[in-house]
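Listed in order, the protein sequences are those of chains A and B. Taking numbering that gives the first Met the number 0, the leading residue of the first sequence gets 0, the next gets one more, and so forth. Taking numbering that gives the first Met the number 0, the leading residue of the second sequence gets 0, the next gets one more, and so forth. Think of the CB as a built atom: it goes at the ideal place given N, C-alpha and C, for glycine as much as any other residue. On a predicted model such as this, the values are computed, not experimentally measured, just so you know. A quick write-up on the structure given underneath.
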Amino acid sequence: MAAPNLMIKKRVLLLLVFFTLAAIGLMIRTGWWQIYEGERLQKEAIQQQTRDRIINSKRGTIFDRNGKPLAVSASVETVSAIPNEIRKAGNAEEVAAKLSQILNMDYEEIYQKITKNSAYEIVKRKIEKKEADEIRKLKFKGIHLDEDSKRYYPYGNFASHVIGATGFDNQGLFGIEAKYDKYLKGLPGRIVSAKDAIGTDMPYKYEKYINPEDGVNVVLTIDEVIQHFVEKHLETAAIENKVQNGAAAIVMDPKTGDILAMAVKPDFDLNNAFQIQNEETRKELEKLTGKEFTDRYGIELGKMWRNKAVVDSYEPGSTFKIITSAIALEENVVKPNDMFNDIGYVTVGGRRIKCWRSYNPHGIQTFIQGVQNSCNPVFIEVALRMGAEVFYRYVKAFGFMEKTGIDFDGETAGIFHKLKAFNELELATASFGQGFQVTPLQMVTAVSAVANGGKLLKPRLVKQFLDKDGNVIKNFEPEIVRQVISPETSATLRGILETVVSEGTGKNAYIKGYRVAGKTGTSEKLPRGNGKYIASFIGFAPADDPRVVVLVILDEPKGDVYYGGLIAAPVVGKILDDTLRYLEVEPKFTEEELATMEVNVPELRNMDVKQAQKALKDVNLKYKIEGTGNTIIDQTPKPTAKLQENSVVILYTEGAGPVSNVTVPDVLKRSVLDANKILTDSGLNIKIIGSGTAMKQEPAAGTIVSPGTVVEVEFRHTDVD
Amino acid sequence: MKGRGAFDFGFFLTVMILLSFGLIMVFSASSADAFYRYNDSYFVIKRQLIWAVLGLFAMFFMASFNYKRLDKLAIPFLLLSIVLLAAVLVVGTEVKGAQRWLGFGGLTIQPSEVAKLAIIIFFSSRLSKKKDKIQKFFTGLMPYLMILGVIAALVIMEPHLSGTVVIILVSVILLFAAGARIFHFVILSLPAIAGLVYAVIIEPYRMRRIVSFLDPWQYKMNEGWQIIQSLYAIGSGGLFGLGLGRSRQKFLYIPEAHNDFIFSIICEELGFVGAATVIILFIILIWRGIKIALNAPDTFGSLLTTGIISLIAVQVIINIAVVTSSMPVTGMPLPFFSAGGSSLVFIMGGMGIILNVSRYSNCNRG
Ligand SMILES: [Zn+2]
Chain A
0 MAAPNLMIKK RVLLLLVFFT LAAIGLMIRT GWWQIYEGER LQKEAIQQQT
50 RDRIINSKRG TIFDRNGKPL AVSASVETVS AIPNEIRKAG NAEEVAAKLS
100 QILNMDYEEI YQKITKNSAY EIVKRKIEKK EADEIRKLKF KGIHLDEDSK
150 RYYPYGNFAS HVIGATGFDN QGLFGIEAKY DKYLKGLPGR IVSAKDAIGT
200 DMPYKYEKYI NPEDGVNVVL TIDEVIQHFV EKHLETAAIE NKVQNGAAAI
250 VMDPKTGDIL AMAVKPDFDL NNAFQIQNEE TRKELEKLTG KEFTDRYGIE
300 LGKMWRNKAV VDSYEPGSTF KIITSAIALE ENVVKPNDMF NDIGYVTVGG
350 RRIKCWRSYN PHGIQTFIQG VQNSCNPVFI EVALRMGAEV FYRYVKAFGF
400 MEKTGIDFDG ETAGIFHKLK AFNELELATA SFGQGFQVTP LQMVTAVSAV
450 ANGGKLLKPR LVKQFLDKDG NVIKNFEPEI VRQVISPETS ATLRGILETV
500 VSEGTGKNAY IKGYRVAGKT GTSEKLPRGN GKYIASFIGF APADDPRVVV
550 LVILDEPKGD VYYGGLIAAP VVGKILDDTL RYLEVEPKFT EEELATMEVN
600 VPELRNMDVK QAQKALKDVN LKYKIEGTGN TIIDQTPKPT AKLQENSVVI
650 LYTEGAGPVS NVTVPDVLKR SVLDANKILT DSGLNIKIIG SGTAMKQEPA
700 AGTIVSPGTV VEVEFRHTDV D
Chain B
0 MKGRGAFDFG FFLTVMILLS FGLIMVFSAS SADAFYRYND SYFVIKRQLI
50 WAVLGLFAMF FMASFNYKRL DKLAIPFLLL SIVLLAAVLV VGTEVKGAQR
100 WLGFGGLTIQ PSEVAKLAII IFFSSRLSKK KDKIQKFFTG LMPYLMILGV
150 IAALVIMEPH LSGTVVIILV SVILLFAAGA RIFHFVILSL PAIAGLVYAV
200 IIEPYRMRRI VSFLDPWQYK MNEGWQIIQS LYAIGSGGLF GLGLGRSRQK
250 FLYIPEAHND FIFSIICEEL GFVGAATVII LFIILIWRGI KIALNAPDTF
300 GSLLTTGIIS LIAVQVIINI AVVTSSMPVT GMPLPFFSAG GSSLVFIMGG
350 MGIILNVSRY SNCNRG
């Protein structure tokens, strides 16, 4: 046989060339996919190969100004299932049975979820650590536990409208929780794990854990203690006066613009923020279904969550006379002792505008007396003296035509006349606070400017941001918006407003030991004539160096009376009394106040008679001994009860005869002196609250009590507006 | 007659490297699939190892079996393969809608693998004897084409399209190497092209199948799915790869990653460096093989070697072209790498024949 011929060799070599070129061509093609297109392909590949699980970051805590936690997040866990893995393990029934037992859920519901044709199913969210640990122990394939967090509000209903609540995904829905959501929520982390084409985890470890970043802690300007005082007194007032449209109160530090307390009633429990509190509304809602239900439910939730103190505007009424006075004094159109004569009405632009006490005109009075009397014609007169333009300019300067800029969502700016439509008649009514609307917050901010020497401050609810170790990330400094009136005008007006409480229509805000300044307000809601009123009082104390400004608004009281001076002023008085004591503002008692000082009843039981007599003498209390023994067995009132000096404590010794109980007499409508005499004569003690005429007594008349019992009597001045 | 020398060591070494490399990659690529399917990561590699050992026996046997004696066996062997191909259509085992396997006790073989070698041996034998006649169309070329036609028809009836393609291509290459006129091939290709056009016209979906490789993303959810998964694997490898055993695409994204798409897994795990190494190994194998063909003592040995090398080359080129989306998808295994059972034995047997030819090489003499 012969060796292959030349043509065969040439053709075989040609084949070698062809195969080699083809192979090199494919090598280049491969390199093109791997290097030139590699990044894109790898990205797409990883996208299909991995599963992202979000780990919620821990939401920041909301603290009060002294570091008390008001909203905290606790670690909980979310149970999820990867149905494919469970299908592979083939124990869906067992998993469902165990989970339903641990999670207290329906077996069918869980079974449906874990066998569903999907890549990932959430079984239950936000379960407690204990349950999560039990599930972990079972080591079920395809059941995963992810960290999550849940919001707790340790004080429940406390400051609910301010703090706000969070939704299912821990997102802030309203209040501070919403306003600072961006900071509170932190940065969520992720678990990236590899999955195969049918959605189950790859058998080998390919997991990347991106740590969540915790949220910022927010420190409010709210003082938990003061907020509690406000909540307590406002709640009582809202119930007693059967307010139909809610009540609101704000306490502000006039020197910094800090909101120390802000309360709205009725409130709701932040831990249960999605439940409508009003029972009637809830019953109505139960009758609805579908879209009707969701629409109505949304509206009702919005109403319940609405922070009246910032969002709602109202007609300020006579409280606005503070602003009119400030403008008049600043513009020098009036001096405190200028004389005015009220004949019950004034005629402006052909219309007769009456004084609130036109049935008994105030007659000749100084400007100061005019303010004390809240006499409308006086304010109309000074407003006309300054003219519409000046008045308008100041109303604007006091911030009534813009939002205060508080760090809270949903603030409104109130409604005032347009300058070109602001004529004599509008000016006349505006001078005593009618014909326009302001928000409670605007009112407090403006009066703070009057109280602090004339500086309008930007109110604030947040003091600082802290990191999780308590280091300050950011401090919010007080911000002065503008100087509105001079410090001199401020001082003069503070003095005048103090007399409103000490001598005028604001007497019911009076408290012992502190100089309270303030102004009453009552306005009839539109449309007028429906008997719907807003009663308010705004006050501050101490008048010479104001520490707090307090506004209380009762919207549509349906009790016997609706005057702000009667129902709102005492609330402000009580809030001021508690707050100033808490702030350790030194009380300064007048002679008269010192004469009616209250003392604590000492513990006398087990003492001998001599000792007891001395102990009572030390605190200026009198005594009456029942029985003939030498040792005190019992006493009325019991220790730590408060009694006015010179009240009588009944001491029981051995051999005391059967105690003859007494019937509480009726002291309503009596003066302080009369009531005191009637009760003392019956062998009872009196606790005097306020001054004026007795409006309320506790225990009620006719109740049988033991001698020496303290009867609380609340007095009010009724000559108020 | 020249005496027997030592076989070509370079060729032998390349074969051994490819075989070992192939086994490693079969293990890596099959572990996930085997784990899911049989709950045993070693299921596929255990079987492949057995085939590799049988393959080594086949290679060493053929390396010492004088190839010239194959000349005499050419016709019986061809007849045997035709019988087997006919038998598989009757009693073959059906897998995924195709009857390709014949069982002998515990073993299964693919008659198409037998046919590939048989037709190479037969063509080489006949062409080496009637060298010049091949230039004539009817008396020279036609008889080969008729035999090829019979075998191709039997294979395509299984149906086994890629096997048919390989058999036709390798036969045409052999005819070409032996000196057939290129003009004749051009004439013959005309009816083939016409047939293809007709096939597309009567079933337009075939066109989509054929062109889907040009833009697989356009057909992502159907025709393009498999090829995109392959490209994801290739692209994920980058220059140096994710590391041996670290493929993620083998987790069911590429079904049976140890079969036709094993090259994609090599790319993913070993990067461009690994892929280029595989291709270069094949180039070396082809080069050494062609060198043996050129130095063969006779035309039979030369054509035999060329045929077997072409068989490897055609499969490698088509396989890599498919997985890199350079041509329409056909199920072509990658020699030495794809876990195909008995086919490895036939490949190794073929390698043995080449090694045997190399022992009589002109260069090897004294
Ligand atoms: Zn008057």
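Taken through DSSP and simplified to helix, strand or coil, Tyr581/A comes out as helix. Ala151/B counts as buried, since no fewer than 16 other beta carbons sit within 10 angstroms of its beta carbon. Taking non-hydrogen atoms of ligand 1 into account, the C-beta of Arg351/A is found less than 7 Å away from none of them. The beta carbon of Asp718/A sits no closer than 7 Å to any heavy atom of ligand 1. Counting C-beta atoms within 10 angstroms of its own C-beta, Ser117/A has fewer than 16 neighbours from the protein chains shown and is therefore classed as exposed. The beta-bridge partner set that DSSP reports for Lys518/A consists of Ile537/A. At least one C-beta of chain B is nearer than 8 Å to the C-beta of Leu25/A.
If you check each beta-carbon in the region 171-200 of chain A against every beta-carbon of chain B, the ones closer than 7 Å belong to Ala193, Asp195, Ala196, Ile197. Rounded to the nearest whole angstrom, the C-alpha separation of Pro360/A and Gly343/A is 4 Å.
Scanning Ser63/B, Ser124/B, Cys266/B for the CA closest to the CA of Asn355/B turns up Ser63/B.
Going by C-alpha positions, Tyr393/A is about 12 Å away from Ser430/A. Between the alpha carbons of Ala594/A and Arg715/A lies a distance of about 20 Å. Per DSSP, reduced to three states, the secondary structure at Ala88/A is helical.
Beta-bridge pairing by DSSP links Asp673/A to no other residue. Residue Gly166/A holds the alpha-carbon nearest to the alpha-carbon of Asn271/A among Glu590/A, Glu653/A, Gly166/A. Counting the other Cβ atoms within 10 Å of the Cβ of Gly362/A gives fewer than 16, which makes it exposed. For Pro458/A, there is no enclosing beta strand (DSSP E), as DSSP gives it neither H nor E. With a cutoff of 8 Å on beta-carbon distance, Ile484/A and Leu440/A are scored as not near each other.
Closer than 7 Å to some heavy atom of ligand 1: that describes the Cβ of Asp341/A. Taking 8 Å as the upper bound on Cβ-Cβ separation, chain A lies near no residue of the region 66-99 of chain B. A distance criterion of 7 Å places the beta-carbon of His361/A in contact range of ligand 1, judged by its closest non-hydrogen atom. Ile209/B has a beta carbon lying at 8 Å or more from every beta carbon in chain A. In terms of side-chain proximity, the C-beta atom of Asn156/A is found no nearer than 7 Å to any non-hydrogen atom of ligand 1. By DSSP's assignment, Trp100/B forms a beta bridge with Thr92/B.
Taking 8 Å as the CB threshold, Glu36/A lines the interface with chain B. Residue contact with chain B for Pro3/A: present (Cβ-Cβ distance below 8 Å to some residue of chain B). Exclusion of the five residues before and after Val149/B leaves Ile81 as the residues of its chain whose Cβ lies within less than 8 Å of its Cβ. Leaving aside the five residues that flank Val661/A on each side, the residues in its chain whose CB is nearer than 7 Å to its CB run, in chain order, Ser681, Gly682, Leu683, Val704, Pro706.
Here Leu106/B has Ser341 as same chain residues with Cβ atoms under 8 Å from its own Cβ, once five neighbours each way along the sequence are excluded. Along the region 401-481 of chain A, the alpha helix (DSSP H) occurs as fully enclosed runs of 4 or more residues at 423-430, 439-450, listed in sequence order.
The beta-carbon of Gln109/B is placed no less than 8 Å from the nearest beta-carbon of chain A.
Taking Glu585/A as reference, the option from Tyr561/A, Arg604/A, Arg546/A with the minimal CA-CA separation is Arg546/A. For the region 157-179 of chain B, the beta-carbon criterion of a distance under 7 Å to any beta-carbon of chain A is satisfied by Ile172, Phe175, Ala176, Ala177, Gly178.
For Arg350/A, the enclosing beta strand (DSSP E) has its first and last residue at 350-353. Nearest CB-CB separation between Gly30/A and chain B: below the 8 Å threshold. Fewer than three pairs of CB atoms, one per stretch, sit closer than 8 Å, so the region 63-76 of chain A makes no contact with the region 261-275 of chain B.
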